[in-house]
Structure formats: structure tokens, C-alpha cells
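Participant: Once you've had a glance at the structure underneath, I'll fire off some questions.
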Amino acid sequence: MFITLEGPEGSGKTSHIPCLVEYFRERGHVIFPTREPGGTSIGEQIREILHDLKNTEMHPRTETLLYQAARAQFVEQVVRPRLALGEIVLSDRYYDSTIAYQGYGHQQGLEQVRALIKYATGGLVPDLTILLDVDVEIGLKRKQKADEWNRLDAYTVDFHRRVRAGYLEMVKQEPARWRVVNAGREWQSVQEELRRVISSRLPDV
Ligand code: TMP
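Shown next, in the form of C-alpha cells:
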């Protein structure tokens, strides 16, 4: 089972994953947490380039392609082998981030972006994708406060508004794969809802 968490900046995805992993492991599930961009040594090196605040000259096409390069490695080195072992792979972001950020945010042309994603992933689609949805201004403030500011966070508020709207559009287009969790609430309520949503899709162990 391949589960991905998505969301605009400051939606809190990253803080929820360790607690979800602990919860499901205690219940006997074999669950492997990972993240994009990254998850592999090559991917983490590409992440450094992508997030480096100094790389202000990066063109959106360069950005789009670097994410796909990291992703191809991630799918082949991490996701497919783990799925083949019957594990649950829980990823902090996957290709829907490219559609939201590079497609909607940078307006890179959704058809082209989708074609690149298909090439990078070999067509591997998650079984479940959860959108942690949060108001753009609240999310950006949270990230600034947490001192986790990266090169993409510095894009305009309008960029981040397009990202969020893009996610909501994707949910409409593929409702069977997506679940939306309101991440504007208190952390514990969000964690509990995430547990419920994921549990409802897992086989009994
Ligand atoms: P995060 O790990 O703090 O969520 O940072 C990842 C950043 O990378 C975030 O700003 C979203 C961005 N991103 C893309 O723009 N496209 C992608 O395909 C992925 C995976 C991430």
C-alpha cells in the first residue's frame, strides 16, 4: 500500500508522520516512512540544490526536471522494492507536489508536467493521497516561525495560493484517491483524523 501526504507550506505533514508510524507499528503494520524530494542519497543531494536559498536564478523548468530526477531514483530504489515486500510506504510528498507547485504554481503546462511525471515514476500512482489543507497565510507563518524556510517558500503569496487551489482541483478530479483533512485545527485532532483515514484503508493484521 502506497500512501502519500500532500499539502501547501506549513500544513504540518512532516510533524505528523513520526507519530503515525509509531501508531501503526504498535498495531502490527510494517510501515516505511520516507519523503520527497529525498528518500535516497541521490535524492537528498538534489534536495540540497532545490532548496538552497542561494539558487535564486533557478528556472522553473530546471526545478521541474530536478524533482523528476530525484523522483525516478526514489521510485526505483525505495518505493517499488518496499511495496514488493508488502510494506506500507508512507511518503511526505510525491508527484502531486509537482502538479501543484510546478504545474499550478509556476504554470508550467499541466500536460507536459504530467508526461514528465509519468516518465519519472513509470506510472506508479499512490493508493491513497491525503491533502493536509491549510490557509496559505497561516501555513507560511507557521513555516517562518519554525525556521524551516526554503527557496520555494520565498515565492510570492499568489504562487502559494495557486498551489493550494491546484491541490483542491486535483481532489475534485480524482476523488477516489484523495482525502482532505483540515490542518488548520489543533494538532491532536488532525493526528486523530489522519489515523482514522489511514486505518480505514489498511487490511486487518
Ligand atoms: P517540505 O519537505 O518542507 O515540504 O519541502 C519540500 C518543498 O519542495 C516544498 O516547498 C514543496 C516543494 N516541492 C515541489 O515544488 N515539487 C515537488 O515535486 C516536490 C516533491 C516538492
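Numbering (the numbering used here), first residue to last: 992 to 1196.
Every residue, glycine too, gets a C-beta built ideally from N, C-alpha and C.
1. Taking Arg1152 as the reference, which of Val1066, Arg1192, Val1125, Glu1078 has the closest Cα?
2. Answer with buried or exposed for Val1154, where buried requires no fewer than 16 other C-beta atoms within 10 angstroms of its C-beta.
3. Measure from the alpha carbon of Lys1004 to the alpha carbon of each residue in Tyr1086, Tyr1158, Leu1122, then state which is nearest.
4. For Glu1027, count neighbouring C-beta atoms within 10 Å of its own C-beta (all shown protein chains included) and say buried if the count is 16 or more, exposed if not.
5. Over the uninterrupted beta strand (DSSP E) stretch that includes Glu1083, give me the two end residues.
6. What runs of the beta strand (DSSP E), each 3 residues or longer, lie entirely inside the stretch 1103-1189?
7. Taking the straight line between their C-alpha atoms, what separation do you get for Asp971 and Lys1132?
8. Quick one: using the 10 Å Cβ neighbour count with 16 as the cut-off for buried, is Gln1135 buried or exposed?
9. Going along the chain, which residues of its own chain have a beta-carbon closer than 6 angstroms to the beta-carbon of Tyr1158, five neighbours each way excluded?
10. Report the option in Phe993, Lys1109, Pro1117, Gly1001 whose CA atom is closest to the CA atom of Ala1137.
11. What would DSSP say about Thr1047, mapped onto helix, strand or coil?
12. Taking 7 angstroms as the threshold (C-beta atoms), are Phe993 and Val1080 in contact?
13. Taking the straight line between their C-alpha atoms, what separation do you get for Leu1011 and Thr1025?
14. Measuring only the C-alpha atoms, how far is Arg1052 from Gln1099?
15. Answer yes or no: do Thr1031 and Pro1117 have a C-beta to C-beta separation smaller than 7 angstroms?
16. Please find out if some non-hydrogen atom of the ligand TMP comes closer than 6 angstroms to the beta-carbon of Leu1143.
17. Any heavy atom of the ligand TMP closer than 6 angstroms to the Cβ of Pro1028?
Facilitator: Reading from the atomic positions:
1. Taking the first residue of the sequence shown as 1, we reach residue 1152 at position 161. Considering only alpha carbons, the answer is Val1125.
2. By 1-based counting over the sequence shown, the position of residue 1154 is 163. Answer is buried; the Cβ neighbour count reaches 16.
3. Taking the sequence shown and counting its residues from 1, one reaches residue 1004 at position 13. Taking only the C-alpha atoms, the option nearest Lys1004 is Leu1122.
4. Taking the first residue of the sequence shown as 1, we reach residue 1027 at position 36. Glu1027 is buried by the Cβ-count criterion.
5. Residue 1083 sits at position 92 when you count from the first residue of the sequence shown. Position check: residue 1083 holds Asp in this sequence, whereas Glu was assumed. It spans 1079-1083 - the beta strand (DSSP E) in which Asp1083 sits, taken as one unbroken run.
6. 1119-1124, 1169-1173
7. Outside the displayed span of the chain (992 to 1196) sits residue 971, for which this structure offers no information.
8. Taking the sequence shown and counting its residues from 1, one reaches residue 1135 at position 144. Per the 10 Å Cβ criterion, exposed.
9. For this step, residue 1158 is matched to residue 167 along the sequence shown. Ala1091, Leu1122, listed in sequence order.
10. The residue you call residue 1137 lines up with position 146 of the sequence shown. Considering only alpha carbons, the answer is Gly1001.
11. Within the sequence shown, numbered from 1, the residue matching residue 1047 stands at position 56. Thr1047: coil per DSSP, three-state reduction.
12. Position 89 of the sequence shown holds residue 1080. Position 2 of the sequence shown holds residue 993. Yes, they are a contact pair.
13. Translated into the one-based positions of the sequence shown, residue 1011 becomes position 20. Translated into the one-based positions of the sequence shown, residue 1025 becomes position 34. About 12 angstroms.
14. Residue numbering aside, residue 1052 sits at position 61 when the sequence shown is read from its first letter. Residue numbering aside, residue 1099 sits at position 108 when the sequence shown is read from its first letter. Roughly 8 angstroms separates the two Cα atoms.
15. If you number the sequence shown from 1, residue 1031 lands on position 40. If you number the sequence shown from 1, residue 1117 lands on position 126. Their beta carbons are not under 7 angstroms apart, which means Thr1031 does not touch Pro1117 by this criterion.
16. The residue you call residue 1143 lines up with position 152 of the sequence shown. Yes - the ligand TMP has a heavy atom lying nearer than 6 angstroms to the Cβ of Leu1143.
17. The sequence position of residue 1028 within the sequence shown is 37, counting from 1. Flag set: Cβ of Pro1028 near the ligand TMP.
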